[in-house]
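Reading through the structure tokens given below for one structure.
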Amino acid sequence: MWKTLLLGAIFLCCYPVIEGKPRQSGCPRTNKVRFCGKTCSTDGDCRGNRTCLCDGDCGMICVKNNLRCENLPKVKNGRFSFSNGSYFRSVLTYECKKGYRLRGSVERTCRATGKWDGAKARCRTLCQNPGHISFGNRRIERIKGVKYIHFWCFDEDMFKMVGTPRIRCQENGQWSAPKPKCIHSPPLCDKPNIPDEAAVIYPRSMDREFKYGDRVLLKCKEGYFKSGLGVYQCKKGNTWSGDITCSPKNCGRPNDIPNGKIIGYVYSFKEKIRYECNEGYNLKGPSYRTCQANEKWGDKDPICEVVDCGPLQKPDHGDIIEQVAFTYGNRIVFDCTETGYEMKGSRVRTCLGDGTWSGSLTTCEAPCARPTIPVNGKIVGNIFSHGKSVNFYCDSGYKRVGARSIKCDDGKWDKPSPVCKGICSTPRDPQNGKLHQKVPPERFLDGDEAKFFCNSGYDLIGKKKLRCVGKVWDSSEPECKGKCKFEGSPKNGYTPNENFPRGKLLPHDSHVEYACYAPYTLDGTNILHCNDGFWNASIPSCKGMSCGNPPSISNGNVVYNDTSYNSTAHYTCNGGYSLNTAPVKRCTAKKRWEGLTPRCLQDCKPPTIPINARISNPSNKYHSGYKVTFKCNEGYNQEGMATQMCFLGSWTVLPFKCTGACNAFLGKHNKKIQDSSITASSQLSLNHVPSLARLDSVQGAWCSAPTDNLPYIEILLGEEKFLTLIKTQGSKKDLRWATKYEIQYQKDGQWIVYRKTDGTQTFDGNVGVTSLNAIALQPRIRTRSVRIYPKFPLSLDGDASLINVCCLRLELYGCSAPVDGSWGA
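Numbers -20 to -1, 1 to 805, taken from mature numbering (1 follows the signal peptide of the UniProt record, and there is no 0), label the letters of the sequence shown in order.
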């Protein structure tokens, strides 16, 4: 029998099935890769709600009855249709709108897996043909289904492509870029290298671009011959063709000059030659001549003139006996004509090639008179004519003072004759002193003085200055004697004659007298003598009586260095104890330690501070007898004795307490809280700063910025406080207020949202700009910082741009928190 299945609205004719018999074998498996379900031959091979059917990929497999494939999404710019809904073996066909092309599978079949076979379909737009380009060509190619066009120019040397050489057809039907263009752009050449001897005829300016085929016309500059066409042409590859050679013109060798010569062998354009004259001649005219462009030498020929040395004057007391001329090679002869004069310098002088006369200046000089011979000396030399010198020497034991040699100069000696002075032996440096030497050191002569100095701490004994008389000193050499240092008076002693400071240096041969204060007696020599830095005896001592060891104390110590008269003993206590009297006792003349012996009394620990109170006079140490005074915190009243006293390690127990409600001003209204301790998340302007948020402020109020979506004002309290009440107002000046508030406080570095005992965390605010709202805090808050968050602002000014602005004035009430961390009464 034939079995039919109803799929959607179409009946499909299936393979004939004979109950209990295998299906026909005309349904082979065609997809060896795909995962398939259980294969079958008859329905009996399938379990549950499944039937043995033919699947196009897997052959005969068990298929779930009424199997449907998943719904596929719509195709943009296209549509699809079913052959039989989305049931097994239904065929789905895709179709794109006009102007679009299908990418993917045109048909997809619902398979036994519940999936559509084939690839996902898309409708892609078709790009219009962009056409060809001038002076170029194109090539069309497809890569992975995408269309590309590649453009290029015919001659890349002559044409330059402007634009993108490769464009792509995009999904929107547009090309990725416009088609490019081939612009005629002949190659350029750099400026040609022009020889220095050449000039450009064309173009008129070389400050331009040179393109392929452009020409440059050249000529030779004045003074040069041209070889070649003189035409340069721009070629491909940034090269130039053509050449030019410019050779210099020649002026030929110029004429020689008398008494001179020409230096130089090149006679071409711009070259120079130099002229030189023979010895004894000077060049008159140009020393250099240059070959010019007209092939002639510049300037005229120079001449060589004979050198003229000029006339010489005859010497005083002499004359010229031979003279012809003053030019090169001629001579002049001199002679002294007056009796007694001798010639100095050159007798004959010749005119030289450099224009000067040979030899030295000629003079006639007179002789000098015999010089004075010094006492205790002699003169060496007996010729006293002009320019001659004589020397002087002193006898043994004498030294010359003055010139050793003098010279005769035209009848006068150039220096006076010296003298010979006697020499004294150099004194020795005194021990612990020194002789003041001359600088540089020399021997002491007749009339000289020798000065002596002693080292620090020594006195000069004798004359400070000695004079050399003849060859001996006028006195014997002095000595340096040491000073003695005053070591001070002995303990309990003094110097009755003079009160010297300790360490003073006393002179040699001085003395010091010592004495003792009553009741002490002197032990040793009472007068000491200074002898060359040393005392003749040791300093005496003052002996007296003893008070014996000072008494000891319990829970303490006594420290002393001596038990004699006027010595002291110092008492200290162990930790936790204090002295009840003065810590020092002194040894008196009665051999007793004066004053009462101190006692070490036990200290007290810091007192327990009553609740809601503080100590007005705290201390680091509370000794026996110390009194402390308690003072109640602001908002509390005192009951009982405020003063307590430490006695032998314990505090007196007197009734005292602080009573009253914790509802005092904390400082915003009376400015105990400084402006710097009030901050905010934002401010509307400089006229709305956080420090204006004080209750009943007449200067305005704090207002937040309109862009601040979570405004708040923060108050730093300094020390920990209890907050029990917050009063708020709006801004009377700005006509703004907040209708709700939230509160946060800081604890252990974290901000915590405040909730009342009943869980409330949002509190009613103000109902107008002047209304006063009070928020009672139960439980109260213990903190150092608090933030107030105004909510739901209202305004009377109607400015929509400031609708989010919150304005606020407030005051905090409470009291100081106990230091020990308790909550207080």
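We put the CB at the ideal spot given by N, CA and C, even for glycine.
For residue i, three-class secondary structure by DSSP
i: residue 811; result: This structure leaves residue 811 out entirely; the chain is present only between -20 and 805.
i: G620; result: strand
i: L672; result: helix
i: L782; result: helix
i: D439; result: strand
i: S656; result: helix
i: G24; result: helix
i: K12; result: coil
i: C626; result: strand
i: L788; result: strand
i: C38; result: coil
i: Q663; result: coil
i: T501; result: strand
i: K1; result: Only weak support is given to the placement of K1: the predicted model assigns it a pLDDT of 41, under 50, and the value that follows is read from those uncertain coordinates. In this structure, K1 counts as coil in the three-state DSSP scheme.
i: Q417; result: coil
i: Q108; result: coil
i: S207; result: strand
i: V733; result: strand
i: V43; result: strand
i: E177; result: coil
Outcome for residue i when other beta-carbon atoms lying within 10 angstroms are tallied against a minimum of 16
i: P499; result: exposed
i: G586; result: At residue 586 the sequence reads Pro, which differs from the Gly that was named. It counts as exposed.
i: L697; result: buried
i: P158; result: exposed
i: V419; result: Confidence in V419 is poor, its pLDDT being 47 and thus under 50, which makes the residue's placement unreliable; the coordinate value appears in the next sentence. Exposed is the call here.
i: I301; result: exposed
i: V492; result: buried
i: H130; result: exposed
i: L792; result: buried
i: Q709; result: buried
i: I403; result: buried
i: N613; result: buried
i: E177; result: buried
Cβ shell of residue i (< 7 Å), same chain only, five flanking positions each side left out
i: K56; result: C103
i: K324; result: T343, E345, H366 and G367
i: M186; result: K171 and V180
i: V399; result: P354, V381 and G382
i: P590; result: F610, F636, K637 and C638
i: C90; result: C49, S66, Y67, F68, R69, S70 and W96
Residues near residue i by beta carbon distance below 8 Å, same chain, minus five either side
i: residue 809; result: The shown model of the chain, from -20 to 805, leaves out residue 809, and the question about it has no answer.
i: P238; result: I283 and C284
i: T352; result: S397
i: G84; result: Y74, G98, A99, K100, A101 and R102
i: D583; result: G556, Y557, S558, K601, Y602, H603, S604, C626 and G629
i: T719; result: D744, G745, N746, V747, K771, F772, P773 and L774
Per DSSP, cross-strand counterpart(s) of residue i
i: V381; result: V399
i: F480; result: Its beta-bridge partners do not exist; DSSP assigns none.
i: N537; result: T552
i: residue 818; result: Nothing in the structure corresponds to residue 818, since the chain is present only between -20 and 805.
i: N560; result: None; N560 has no bridge partner.
i: G298; result: C316
i: H164; result: F139
i: N29; result: Per DSSP, none; premise fails for N29.
i: P635; result: None, per the DSSP bridge assignment.
i: Y602; result: C584
i: N57; result: Paired residues: none, contrary to the question.
Cβ neighbours of residue i in the same chain (closer than 6 Å, five flanking residues each side left out)
i: M138; result: P166
i: R119; result: H130
i: V313; result: I301, E302 and V328
i: R81; result: R104 and L106
i: D439; result: K461, P487 and H488
Residue-chain proximity (residue i, chain D), Cβ-Cβ < 8 Å
i: N258; result: Any reference to chain D falls outside this structure, which holds one protein chain only.
Kindly confirm or deny that the region 214 to 232 and the region 248 to 265 touch, where touching means at least three C-beta pairs closer than 8 Å.
-> Judged by Cβ distances under 8 Å, the region 214 to 232 makes contact with the region 248 to 265, as three or more pairs qualify.
Contact between the region 743 to 757 and the region 703 to 722 (3+ Cβ pairs under 8 Å) | Touching, yes, given that three or more Cβ pairs across the two stretches are closer than 8 Å.
At least three beta-carbon pairs within less than 8 Å, the region 653 to 663 to the region 623 to 643 = At 8 Å Cβ cutoff, the stretches do not touch.
With a cut-off of 8 Å, do at least 3 Cβ pairs link the region 256 to 268 to the region 205 to 219?
-> Too few Cβ pairs lie closer than 8 Å, so no.
Looking at C-beta atoms only, is the number of pairs between the region 594 to 607 and the region 526 to 539 that lie closer than 8 Å three or more?
-> With the cut-off at 8 Å, the region 594 to 607 and the region 526 to 539 do not touch.
Examine the Cβ distances between the region 424 to 431 and the region 446 to 458 and report whether three or more of them are shorter than 8 Å.
-> In short, these stretches touch, since the Cβ pair count reaches three.
Okay, do the region 513 to 523 and the region 457 to 470 touch, 3+ Cβ pairs below 8 Å being the bar?
-> Cβ pair count under 8 Å is three or more, so yes.
Validate contact between the region 779 to 790 and the region 675 to 687 using beta carbons, cut 8 Å, 3 pairs = Taking 8 Å as the limit for Cβ pairs, the verdict is that the region 675 to 687 does touch the region 779 to 790.
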